[in-house]
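Trainee: Please see the structure below; I have some questions.
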Amino acid sequence: MKAKKILSVVVVTVFVIGTLYLLQRLVMPKYMDDVVEGNFIAEYYNEEKDHDVIFLGDCEVYENFSPLVLWEEYGINSYIRGSAQQLVSQSYYILEDTLRYETPDVVVFSVLAVPYNEAPRESYNRMTLDGMRWSLSKVNAIRDSMTEEESFLDYVFPLLRYHSRITELTADDFTYLFHRDLVSHNGYYMRVDSLPAENVPEGRPLGDYTIDAAQMEYLDKIRTLCEEKGIQLVLVKAPSLYPYWYDEWDAQITEYAEEHDLLYVNLLAQADEAGLDFQTDTYDGGLHLNLSGAEKLSRYFGAILQDHCGLESRRGEEALEAAWQEKTVWYEEDKARQEAEIAAGE
Amino acid sequence: MSITSYSFLLFAGVLFILYYLIPRRFQWILLLIASYVFYCFSGVRYLGYILATTVFSYIVSMKIWDLKRRQDARLKLKKDEFSREEKKAYKASVKKKQKAWLVAALLFNFGILGIIKYGNFIVSNVGSLFGASGDDLFFHLALPLGISFYTFQTMGYLIDLYRGEYEPERNFFKFALFVSYFPQLIQGPISRFGSLSKDLYTGHAFDGRQVASGLQRMLYGYFKKMVIADRIITGLTTISGDPATYSGTFVLVGMIFYAIDLYMDFSGGIDIVIGLSQALGITLPENFKRPYFSKSLKDYWHRWHISLCNWFKDYLFYPISTSPAMLARAKKMKAAGHEGLSRRFTVYTATMVVWLSTGIWHGASWNFVVWGLLNGFFLLLSQELEPAYRRFYERFPRLEKNALWNAFRIVRTFLFVSLLCMFDYYDSVSTVIRSFIGMFSSFRLSVFWDGSLLAIGLTAADYWILLVSLILVFVVSWFQEKGRSVRSLIAARALPVRVIAWYGLFLIVILFGAYGIGYDATQFIYNQF
Numbered sequence: 001m002k003a004k005k006i007l008s009v010v011v012v013t014v015f016v017i018g019t020l021y022l023l024q025r026l027v028m029p030k031y032m033d034d035v036v037e038g039n040f041i042a043e044y045y046n047e048e049k050d051h052d053v054i055f056l057g058d059c060e061v062y063e064n065f066s067p068l069v070l071w072e073e074y075g076i077n078s079y080i081r082g083s084a085q086q087l088v089s090q091s092y093y094i095l096e097d098t099l100r101y102e103t104p105d106v107v108v109f110s111v112l113a114v115p116y117n118e119a120p121r122e123s124y125n126r127m128t129l130d131g132m133r134w135s136l137s138k139v140n141a142i143r144d145s146m147t148e149e150e151s152f153l154d155y156v157f158p159l160l161r162y163h164s165r166i167t168e169l170t171a172d173d174f175t176y177l178f179h180r181d182l183v184s185h186n187g188y189y190m191r192v193d194s195l196p197a198e199n200v201p202e203g204r205p206l207g208d209y210t211i212d213a214a215q216m217e218y219l220d221k222i223r224t225l226c227e228e229k230g231i232q233l234v235l236v237k238a239p240s241l242y243p244y245w246y247d248e249w250d251a252q253i254t255e256y257a258e259e260h261d262l263l264y265v266n267l268l269a270q271a272d273e274a275g276l277d278f279q280t281d282t283y284d285g286g287l288h289l290n291l292s293g294a295e296k297l298s299r300y301f302g303a304i305l306q307d308h309c310g311l312e313s314r315r316g317e318e319a320l321e322a323a324w325q326e327k328t329v330w331y332e333e334d335k336a337r338q339e340a341e342i343a344a345g346e
Numbered sequence: 347m348s349i350t351s352y353s354f355l356l357f358a359g360v361l362f363i364l365y366y367l368i369p370r371r372f373q374w375i376l377l378l379i380a381s382y383v384f385y386c387f388s389g390v391r392y393l394g395y396i397l398a399t400t401v402f403s404y405i406v407s408m409k410i411w412d413l414k415r416r417q418d419a420r421l422k423l424k425k426d427e428f429s430r431e432e433k434k435a436y437k438a439s440v441k442k443k444q445k446a447w448l449v450a451a452l453l454f455n456f457g458i459l460g461i462i463k464y465g466n467f468i469v470s471n472v473g474s475l476f477g478a479s480g481d482d483l484f485f486h487l488a489l490p491l492g493i494s495f496y497t498f499q500t501m502g503y504l505i506d507l508y509r510g511e512y513e514p515e516r517n518f519f520k521f522a523l524f525v526s527y528f529p530q531l532i533q534g535p536i537s538r539f540g541s542l543s544k545d546l547y548t549g550h551a552f553d554g555r556q557v558a559s560g561l562q563r564m565l566y567g568y569f570k571k572m573v574i575a576d577r578i579i580t581g582l583t584t585i586s587g588d589p590a591t592y593s594g595t596f597v598l599v600g601m602i603f604y605a606i607d608l609y610m611d612f613s614g615g616i617d618i619v620i621g622l623s624q625a626l627g628i629t630l631p632e633n634f635k636r637p638y639f640s641k642s643l644k645d646y647w648h649r650w651h652i653s654l655c656n657w658f659k660d661y662l663f664y665p666i667s668t669s670p671a672m673l674a675r676a677k678k679m680k681a682a683g684h685e686g687l688s689r690r691f692t693v694y695t696a697t698m699v700v701w702l703s704t705g706i707w708h709g710a711s712w713n714f715v716v717w718g719l720l721n722g723f724f725l726l727l728s729q730e731l732e733p734a735y736r737r738f739y740e741r742f743p744r745l746e747k748n749a750l751w752n753a754f755r756i757v758r759t760f761l762f763v764s765l766l767c768m769f770d771y772y773d774s775v776s777t778v779i780r781s782f783i784g785m786f787s788s789f790r791l792s793v794f795w796d797g798s799l800l801a802i803g804l805t806a807a808d809y810w811i812l813l814v815s816l817i818l819v820f821v822v823s824w825f826q827e828k829g830r831s832v833r834s835l836i837a838a839r840a841l842p843v844r845v846i847a848w849y850g851l852f853l854i855v856i857l858f859g860a861y862g863i864g865y866d867a868t869q870f871i872y873n874q875f
């Protein structure tokens, strides 16, 4: 009798947890059709974690640097841990999270988000944070980024957040119930289309150009963490024409870099040297680079990394070669698919 | 802290665990602490109001009791010395003193309620009489949580005490718990001391069945509130927010939606409150008995917000209708040969005062005044028509048991009640009148199928969810109306059936509840009354 009771409790518990788990997986956004950026953070965990360079930041890293080029040209094994509108605090916690798995030689941090200090938005928070694996870093990232309307519990049980999607389910929600297709190339978001940069607006004058102390504090935490782990920190400003990058901000970042003996590369100022042509190398009028631009920039930046950070080529390492071989195939396939789509559209 | 929020569930969960972990004699103390913590969540600045009511009412209750105690002692002492007349005169003088204390308490507590809740309304209306207008006329006082509920409950207690119905609670903290018991603060019900105190102050051992039943009732309440009320409110807000655009058929839709919303919101909240109390071993009075199954307006008011209606009946209707002044006036009328008028005078006057008060209790606006008076008027009208109804049923005796006829009466009453609710739904009396006329003058049946209903913020999926949910509530209510408890029916089934039933309802709330980001965290409509 007692055994029957215990069995009933076990069966009911398994049934309840099982159905809740399934429903949660079902209603969570899959980010496969559009806004694929929602998958970037999670894709990292499927990687072999032995990277020389980790890029951190928002769209200014995941749309402007191609790890494949860095590998092919310089033998640098890199990964981009970036997602849409990734806040500085989130970059810090993602770095913390990354260091649980590996210790790269170099961390490249995109500084755009430092002065921009965008207010957290729930949709972006979810794209960044849902993909993180549970750890203290994720807990802190959530606590630091949550908007007033958000609740921590919604992150613990995403079913509570996404429950209303139950009436909007598509075939994708069933297809990708237990897996996702790869959408990035080591965190790089490939776009082969092109839209020339025309009429890029000038930045409007600001009342105060001082970078928020709280933002600088997170930058400092990133630096400290890298120092503790013996990682070289490189600060970059990507060559995106917009959002506008003010000289006053640049001066403050430069000063910070000098103060802490960090390499700061303003790639916006070196766009010509990198060979970028904003008539052909951007897909959205100068906000982000397309594949052609990202490859040019990666070639240029790879040389800087090699020179300043003393990174040695790892070409020839069998396991890495094999992994990159596979990645190259997917890279070329994605490129060909996009080109075919553009051709079909024309 | 909304009772549909995660924080409330956490709060209730922690309280529940502690409640059954601590020795039973301390449970009431935990409830008192929890009630004040809950109150503080609505704003620490409001604490003064409930404390003022508690302290002053406690003092008055002690004074009333002390006078009675002294009276009894003196009468016992002077048993042989007092003549009958002296005894009567002495009792009358004591009663007078008790009454003075009671009146002081009534003035104090209703005074607080009046100033906070009706200050703006009175000042703005008086001001407009003298041509004044503007924001400077208004009090800027926010309404403390549940002020109408705890004020009415406390005043009921003092009146009962004055009437000698029971002994007062001498322990101040226990009395404070009676005033502030947190589940009731949200939207009632308004309990009586006699029935609630025993449950509040006695310790309760963990009773699995009671707890399960309470949790099930809470779940059903969440279903009504979150799946139905909070979903339908989107459409309602669109219609009432723009009466010029949403006229004609939309008025009818809004009218019916509002009646559904009001019931699901209020009764859902009451289910949560009663269920939570039940899980803690405390029985609260029922506040609803399937009001939309009513066959007449009178029947409806016996089923809707029962604790408030009973309060008005016991503490306002009877005192007015049986007051010496009213009876003397009625007697005079009778002597003057107006027997019919004399018979009606006391009842009619008391009825209209009660309904005016009920209207004002619901809100400080002319809408509620008109709503209350209309309810009173139609109740009296149906009372006047009673003989005609009787004759009608004598002529058609089988009709009273005819299902179709009764269904017609139910629908008629529902529509009539919904119509009266328009005074609550729209923001002014003139808008109600305009919308009501427009409902007939620009009625368009095609609204129901030409997609117009999808333009009020509700999707096709929302309508399906509402339809299925309402059918579920209807079926449950039908069983209850037949005197059967759905919870008991389910409890009698095998484990898989029970699990599927309750877990199914839980999943419905989780999946189809209108909560979280993307939905407005709507307060309970009755929260601020």
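Top line first, the protein sequences correspond to chains A and B.
Going left to right, the first sequence walks through residues 1 to 346 as our numbering numbers them.
Going left to right, the second sequence walks through residues 347 to 875 as our numbering numbers them.
We put the beta carbon where it would ideally sit given N, CA and C, even for glycine.
#1: In whole angstroms, what separates the C-alpha of A801/B from that of G784/B?
#2: Counting along the chain, where does the beta strand (DSSP E) carrying R81/A start and finish?
#3: Nearest to F524/B by CA position, among Y604/B, V401/B, Y566/B and Q562/B, is which residue?
#4: Does R161/A get closer than 9 Å to chain B when you measure Cβ to Cβ?
#5: For the beta strand (DSSP E) that N266/A lies in, which residues bound it at each end?
#6: Which two residues bound the contiguous alpha helix (DSSP H) that contains S787/B?
#7: Which class does Y242/A belong to by DSSP, given the choice of helix, strand or coil?
#8: T595/B and V793/B: beta carbons closer than 9 Å?
#9: With a cut-off of 8 Å, do at least 3 Cβ pairs link the stretch 601-617 of chain B to the stretch 533-548 of chain B?
#10: For A197/A, which of D144/A, V111/A and L241/A has the nearest alpha-carbon?
#11: List the whole-angstrom C-beta distance separating Q373/B from H550/B, where the pair is believed to meet the contact cut-off of C-beta under 8 Å.
#12: Which of the three DSSP states, helix, strand or coil, is assigned to V35/A?
#13: Under 9 Å, CB to CB, which of the residues in the stretch 557-568 of chain B have a partner in chain A?
#14: Look at the Cβ atom of K237/A, then the Cβ atom of Y264/A, and state whether they are nearer than 9 Å.
#15: Measure the alpha-carbon distance for Q869/B versus S348/B and round it to whole angstroms.
#16: Using alpha carbons as the reference points, say which of T19/A, C59/A, E73/A and M28/A lies closest to E312/A.
#17: Tell me, to the nearest whole angstrom, how far the beta carbon of L504/B is from that of S407/B; I am working on the premise that it is less than 8 Å.
#18: With Q499/B and S543/B assumed to form a contact (beta carbons below 8 Å), what rounded beta-carbon distance in angstroms separates them?
#19: I need the DSSP call for S110/A, collapsed to helix, strand or coil.
#20: To be precise: take each residue of the stretch 114-143 of chain A, compare its Cβ to all Cβ atoms of chain B, and keep it if any distance is under 8 Å. Which residues remain?
#21: Is DSSP giving Y772/B helix, strand or coil here?
#22: Is the CB of D154/A under 9 Å away from at least one CB in chain B?
#23: Check each residue of the stretch 18-43 of chain A: if its Cβ is closer than 9 Å to any Cβ of chain B, include it; give the result in chain order.
#24: Between the Cα of K641/B and the Cα atoms of A358/B, A753/B, S388/B and F825/B, which residue gives the shortest distance?
#25: Could you pull out every residue in the same chain whose Cβ sits closer than 6 Å to the Cβ of V822/B, ignoring the five residues on either side in sequence?
#26: Could you say which of A682/B, F663/B and V715/B lies nearest to T695/B if we only look at CA atoms?
#27: Looking at the unbroken beta strand (DSSP E) that takes in K237/A, where does it start and where does it end?
#28: From the beta carbon of I166/A, is the nearest beta carbon of chain B less than 9 Å away?
#29: Within the same chain, show all residues whose beta-carbon is closer than 8 Å to that of D52/A, passing over the 5 residues directly before and after it, in chain order.
#30: Within the continuous alpha helix (DSSP H) that includes I536/B, where are the two ends?
#31: Considering only their Cβ atoms, is the gap separating E827/B from R675/B smaller than 9 Å?
#32: Contact check, A113/A vs L95/A under 8 Å by CB: the rounded distance?
#33: Of the choices F362/B, T629/B and M601/B, whose alpha-carbon is the least far from that of F760/B?
#34: Where do the ends of the beta strand (DSSP E) carrying V27/A lie?
#35: Chain B beta carbons: is any one of them nearer than 9 Å to that of S151/A?
#36: For the stretch 716-735 of chain B against the stretch 683-700 of chain B, are there 3 or more C-beta pairs whose distance is under 8 Å?
Mentor: Well, looking at it:
#1: By one-based count along the second sequence, residue 801/B stands at place 455. By one-based count along the second sequence, residue 784/B stands at place 438. Taking C-alpha positions only, A801/B is separated from G784/B by approximately 19 Å.
#2: In the first sequence, the residue the question calls residue 81/A occupies position 81. R81/A -> beta strand (DSSP E) spans S78 to G82.
#3: Here residue 524/B refers to the residue found at position 178 of the second sequence. The option with the nearest alpha carbon to F524/B is V401/B.
#4: By 1-based counting over the first sequence, the position of residue 161/A is 161. Yes, contact with chain B.
#5: Within the first sequence, the letter at position 266 stands for residue 266/A. For N266/A, the enclosing beta strand (DSSP E) stretches over residues L263 to N266.
#6: Translated into positions along the second sequence, residue 787/B becomes position 441. Taken as a continuous stretch (DSSP letters only), the alpha helix (DSSP H) holding S787/B covers V775 to S787.
#7: As a position in the first sequence, residue 242/A is number 242, starting the count at 1. Coil, per DSSP.
#8: Residue mapping note: residue 595/B aligns to position 249 of the second sequence, counting from 1. Residue mapping note: residue 793/B aligns to position 447 of the second sequence, counting from 1. At the C-beta level, T595/B and V793/B come within 9 Å of one another.
#9: Short answer: they touch.
#10: The count along the first sequence starts at 1 and reaches residue 197/A at position 197. Ranked by how close their Cα comes to the Cα of A197/A, the residues D144/A, V111/A and L241/A have L241/A in first place.
#11: As a working note, residue 373/B is residue 27 in the second sequence. As a working note, residue 550/B is residue 204 in the second sequence. The beta-carbon separation of Q373/B and H550/B, rounded to 6 Å, stays under the 8 Å limit for a contact.
#12: What you label residue 35/A is simply residue 35 of the first sequence in a count that begins at 1. Correct three-state label for V35/A: coil.
#13: Among the residues of the stretch 557-568 of chain B, none has a Cβ less than 9 Å away from any Cβ of chain A.
#14: On the first sequence, residue 237/A is found 237 positions in, with the first residue counted as 1. On the first sequence, residue 264/A is found 264 positions in, with the first residue counted as 1. The answer is yes: Cβ separation under 9 Å.
#15: Taking the first residue of the second sequence as 1, we reach residue 869/B at position 523. Taking the first residue of the second sequence as 1, we reach residue 348/B at position 2. At Q869/B the pLDDT is 49, less than 50, meaning the model places this residue with poor confidence; the figure from the coordinates comes in the next sentence. Near 7 Å, if we compare the C-alpha coordinates of S348/B and Q869/B.
#16: Position 312 of the first sequence, counted from the start, is the residue given in the question as residue 312/A. Closest option to E312/A, Cα to Cα, is E73/A.
#17: Position 158 of the second sequence holds residue 504/B. Position 61 of the second sequence holds residue 407/B. The C-beta distance from L504/B to S407/B rounds to 6 Å, short enough to fall under 8 Å.
#18: If you number the second sequence from 1, residue 499/B lands on position 153. If you number the second sequence from 1, residue 543/B lands on position 197. Contact between Q499/B and S543/B is absent: CB atoms are separated by about 11 Å, not below the 8 Å threshold.
#19: For the purposes of this step, residue 110/A is taken as residue 110 along the first sequence, with counting starting at 1. In the structure shown, S110/A adopts extended strand secondary structure according to DSSP, grouped into three states.
#20: Within the stretch 114-143 of chain A, contact with chain B at the beta-carbon level (separation under 8 Å) is assigned to E122.
#21: Mapped onto the second sequence, residue 772/B falls at position 426. Note: Y772/B maps to coil in three-state DSSP.
#22: For the purposes of this step, residue 154/A is identified with residue 154 of the first sequence, where counting begins at 1. Chain B, which has a Cβ nearer than 9 Å to the Cβ of D154/A, makes this yes.
#23: Residues passing the 9 Å Cβ filter: T19, L20, L23 and V27.
#24: Start at 1 with the first residue of the second sequence, and residue 641/B comes out as number 295. Check the Cα spacing between K641/B and each of A358/B, A753/B, S388/B and F825/B: the tightest is with A753/B.
#25: Indexing the second sequence from 1 puts residue 822/B at position 476. Taking C-beta separations shorter than 6 Å and ignoring five residues to either side along the sequence, the partners of V822/B in its chain run V832, following chain order.
#26: Position 349 of the second sequence, counting from 1, holds the residue named residue 695/B. Nearest C-alpha to T695/B: F663/B.
#27: Against the first sequence, residue 237/A aligns to sequence position 237. Element bounds for K237/A: Q232 to K237.
#28: Counting from one through the first sequence, the residue named residue 166/A turns up at place 166. At a cut-off of 9 Å between beta-carbon atoms, I166/A makes contact with chain B.
#29: Within the first sequence, numbered from 1, the residue matching residue 52/A stands at position 52. Here the set comprises I76, N77, S78, P104, D105, V106, L311 and R314.
#30: Mapped onto the second sequence, residue 536/B falls at position 190. Neither: I536/B is in no alpha helix (DSSP H) and is coded neither H nor E.
#31: Numbered from 1 along the second sequence, position 329 holds the residue referred to as residue 675/B. Numbered from 1 along the second sequence, position 481 holds the residue referred to as residue 827/B. Cβ distance not < 9 Å, so R675/B and E827/B don't count as in contact.
#32: Along the first sequence, read from residue 1 onward, the residue named residue 113/A stands at position 113. Along the first sequence, read from residue 1 onward, the residue named residue 95/A stands at position 95. A Cβ-Cβ separation of about 13 Å leaves A113/A out of contact with L95/A under the 8 Å criterion.
#33: Within the second sequence, the letter at position 414 stands for residue 760/B. Looking from the CA of F760/B, the closest CA among F362/B, T629/B and M601/B belongs to M601/B.
#34: For the purposes of this step, residue 27/A is taken as the residue at position 27 of the first sequence. Looking at the DSSP string, V27/A is not in any beta strand (DSSP E); the run it does join, the alpha helix (DSSP H), is K2 to V27.
#35: Within the first sequence, numbered from 1, the residue matching residue 151/A stands at position 151. Using a CB distance cut-off of 9 Å, S151/A counts as an interface residue toward chain B.
#36: A contact between stretches requires three or more CB pairs, one per stretch, nearer than 8 Å, and the stretch 716-735 of chain B meets this requirement with the stretch 683-700 of chain B.
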